[in-house]
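Take the sequence shown: its position 56, counting from 1, is numbered 1247 in the numbering used here, and each next residue is one higher.
Positions of the beta carbon are idealized from the N, C-alpha and C atoms, including for glycine.
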Amino acid sequence: ISPGLQAVILKCLEKDPKQRYQSASELLIDLELVGVARNTRVVLMWAAVALLAVAAGFLSWRWLRPPPEPAVKHVAVLPFHMTGAQPQEAALIDGLTDTVTNRLMQLTASQPVGIIPFSEITANHVTSMQEARSKLGANLALDGNLQRSGDQLQVNLALSEIESHKQLRADSVTGTATDFKQLEEKVVEAAVRVLELELHKNTPPDEARNTTSREAYEAFIRGRGYLDRSPSPENLDSALTEFTRALELDPGYAAAFAFLGRGYWEKYKLTKDQEWISKMRDACEHSRQLLPSSAAGNVCLGVLDEGTGHYEQAASEFQLALDSDPTYDVAYRGLASSYKHLGRMELAEQTYKKAIQAHPEIPSSYAWLGSLYAQEARYGQAAEQYRKAVGIAPDGALYWSSLGGTYLVAGKYPEAEHSLQKAISLQPSYEAYTNLGDTYFLERKFPEAVGAFEQSVVLGDRQIQAHGNLARAYYWYSPDHSKARGELKKAIELATSDLQVNPNDADVHTLVAEYFAMQGDKSQALQHLHTAQNLRPGDAETAYYAAKVYNLLGNREQALNWLEKSVNSGYSAAEISSTIELDSLRRDPRFKALNSKLHS
């Protein structure tokens, strides 16, 4: 039978009489919505069955009791769906899934239930129970099906145990299409019932609902739906149109301003056009003015400040967001990232650990901590965190890619190749091809490295390192050496554009310093290198890049000085041993002494 009809039957069999249908006419409405009531005879048959079940209680609850739930509830809210939905309706349904998921995350903060953020669902392209289990480690799935009859909308929810595919509970709610805000509230209440949650007084407020306009709320939800999708020009333009429409209907809608700002940031990332930066600031500040305690507004400003190099302000904004809503996973990551940029590694580590404590069931939380350890050359600890992520989500391509990258810098090249090829087989990505290309490059497998880097450019054409890495491969592989200059030019153009927005990005300065050195431009190379060193003094990776830059420029003495600092700071022995840019130093007595120290 259909999920809708199943929900109707289970509602007839609720233990609590208040949760059952209160009249045959109420039952008839739902039967019509699920397409059962095609003629009077069918209606009478189902009504008779339902009323017998309710009045006589002839079915024992003991016989219908579902299998026990897992001790640890790790729930994926799958994207809701409606057959035949038009594009705007589909966006509205995606936004509904997002807002319901966020509200459930807030409601479960102090309970033994973990709700996977909807951003994780969309980023991993999860659409089924099995994908939720293999990619994100979920053991329960909450599915939603919408059905329309005239101006009536019915949402049927079903909670299933993924391993057995057995449905544990179901519920159904009905509302009018003209009051989507009320319908969404009913959906949250139904989800609370099927998850058997206890409501607490200290739950953070739902900022999205802070509007009196039904139409503004619906436009806002549609905007969220478009923004949740892959960041194509069409999706982002549609999101911005909907958020703007929401604000035309309600100029005091703080959440709409916050998400409009987030949309502008995605637009900037896609186009690198700086006009979106000023628009973002205006939108974020409007949100803050309208609702000073807005977690969404704080995150909007935090994303902006971090992206433009104002890391102290960004950290303050993200902390304010967490003070208002301790469940905001984006704020945890933003705060930790800001601390990393400020060189406050202990605070960054503590923040990532707090994120894990808040959402121990989310594999990406472990991956972010792993990235911090990798940056600090704590490769064993980094690999441990990535293995935890892969343990939770064995089909998580991003986690396999990150694990492979850690094996790469640790010099475990066969393990790196295996992990990265696994990632690519699951989901080809710019990151996985980049790491695989780096692995081949360090192994001096130049044709394979060129092939992998060419794929990374296809998947990440706007990424600085995509073109920079391909340039390196061309540069050192004599048959393709002449192609290097064009890729270096593209990498430098992208880096220059990024530095106009965020002049304090040390990572970009180190990359572009190497690219200028490869071109023989000593002045520009050293200018960017010195900026990176001032922004990140004592950093092992920056010292390693300095050694490469100086050696490319022919200054062996300075190259060895910085290489010694990198070694003393704990940089990867395997990477130093395999770096082709340092080959001309290997016969130098100082290099031999450093090499002995690395492997002692």
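So, helix, strand or coil for residue i, using DSSP?
i: H1272; result: strand
i: K1681; result: helix
i: S1555; result: helix
i: I1284; result: helix
i: D1289; result: helix
i: H1265; result: strand
i: Q1465; result: coil
i: K1357; result: strand
i: G1582; result: helix
i: N1336; result: strand
i: I1307; result: coil
i: A1247; result: Confidence in A1247 is poor, its pLDDT being 49 and thus under 50, which makes the residue's placement unreliable; the coordinate value appears in the next sentence. If DSSP states are grouped into helix, strand and coil, A1247 belongs with the helices.
i: L1568; result: A small correction: the amino acid at residue 1568 is Ala; Leu does not occupy that position in the sequence shown. Coil at A1568, not helix or strand.
i: D1362; result: strand
i: E1205; result: coil
i: T1770; result: coil
i: E1503; result: helix
i: Q1277; result: coil
i: A1349; result: strand
i: Q1612; result: helix
i: Q1302; result: coil
Does the distance between the C-beta of residue i and the nearest non-hydrogen atom of the ligand FMN fall short of 8 Å?
i: H1550; result: Here there are no bound small molecules, and the ligand FMN is not part of this structure.
If distances are taken between C-alpha atoms only, which option among the options comes closest to residue i?
i: G1173; options: R1727, D1774, I1192 and T1290; result: The requested residue 1173 does not occur in the structure, where the chain is confined to residues 1192 to 1791.
i: A1215; options: V1199, S1760 and A1329; result: V1199
i: D1221; options: D1285, Q1321, G1328 and R1339; result: R1339
i: L1344; options: T1367, L1773 and L1359; result: T1367
i: T1299; options: P1442, E1311 and V1263; result: V1263
i: A1734; options: Y1570, G1745 and N1759; result: N1759
i: T1630; options: A1643, S1620 and P1619; result: A1643
i: D1397; options: Q1210, A1487 and R1578; result: A1487
i: K1788; options: S1768, E1772, D1774 and L1773; result: S1768
i: P1554; options: N1315, V1581 and S1528; result: V1581
i: K1756; options: M1320, L1785 and R1778; result: L1785
i: S1528; options: G1341, L1386, T1394 and S1562; result: S1562
i: P1424; options: G1454, P1395, T1435 and G1587; result: G1454
i: P1551; options: E1575, I1583 and N1393; result: I1583
i: G1659; options: G1195, D1696 and V1703; result: V1703
i: M1320; options: S1301, K1357, G1341 and S1310; result: K1357
i: V1649; options: E1622, R1778, G1745 and H1391; result: E1622
i: P1184; options: H1265, L1773 and A1314; result: Because residue 1184 is not part of the residues shown, which for the chain are 1192 to 1791, the question remains open.
i: E1223; options: G1341, E1380 and K1579; result: G1341
i: Q1724; options: R1635, Y1604 and A1697; result: A1697
For my contact list, residue i and residue j are in at a C-beta cut-off of 8 Å; report their separation, rounded to the angstrom.
i: A1407; j: L1440; result: 4 Å
i: I1307; j: L1327; result: 5 Å
i: A1410; j: E1433; result: 5 Å
i: D1334; j: R1415; result: With a Cβ gap of about 19 Å, D1334 and R1415 do not count as contacting.
i: A1568; j: Y1762; result: 6 Å
i: A1738; j: W1753; result: 4 Å
i: A1682; j: Y1666; result: So it is not a contact: roughly 12 Å between Cβ atoms.
i: L1679; j: Q1710; result: 6 Å
i: L1283; j: A1382; result: With a Cβ gap of about 18 Å, L1283 and A1382 do not count as contacting.
i: T1394; j: Q1297; result: 6 Å
i: A1657; j: S1673; result: Not confirmed; about 19 Å, so no contact.
i: A1512; j: G1493; result: 7 Å
i: L1744; j: A1708; result: 5 Å
i: W1591; j: S1620; result: That pair is no contact at about 10 Å.
i: H1391; j: S1301; result: 6 Å
Check this for me: beta carbons of residue i and residue j, under 9 Å apart or not?
i: E1375; j: L1287; result: yes
i: L1627; j: E1766; result: no
i: L1438; j: R1472; result: no
i: L1589; j: A1614; result: yes
i: S1404; j: Y1444; result: yes
i: Q1279; j: R1413; result: yes
i: D1285; j: D1428; result: no
i: H1602; j: A1446; result: Note that residue 1602 is Gly in the sequence shown here, rather than His. Taking 9 Å as the Cβ cut-off, G1602 and A1446 do not qualify as a contacting pair.
i: T1597; j: A1565; result: yes
i: L1431; j: K1458; result: yes
i: A1558; j: S1593; result: yes
i: S1349; j: Q1210; result: First, the residue type needs correcting, since residue 1349 is Ala and not Ser in the sequence shown. In this structure, Q1210 does not lie closer than 9 Å to A1349 by Cβ.
i: L1720; j: T1701; result: yes
i: K1377; j: T1369; result: no
i: L1773; j: N1742; result: yes
i: Y1668; j: V1641; result: yes
>> Does the structure place the stretch 1509-1524 close enough to the stretch 1537-1550 that three or more beta carbon pairs sit under 8 Å?
In response: In this structure the stretch 1537-1550 lies against the stretch 1509-1524, because at least three pairs of beta carbons, one per stretch, are closer than 8 Å.
> Would you call the stretch 1490-1503 and the stretch 1684-1702 in contact, with 3 or more CB pairs under 8 Å?
Replying inline: Result yes; three or more Cβ-Cβ pairs closer than 8 Å.
>> Check whether the stretch 1356-1367 and the stretch 1268-1280 touch, using three or more Cβ-Cβ pairs below 8 Å as the test.
In response: Contact fails: fewer than three Cβ-Cβ distances are below 8 Å.
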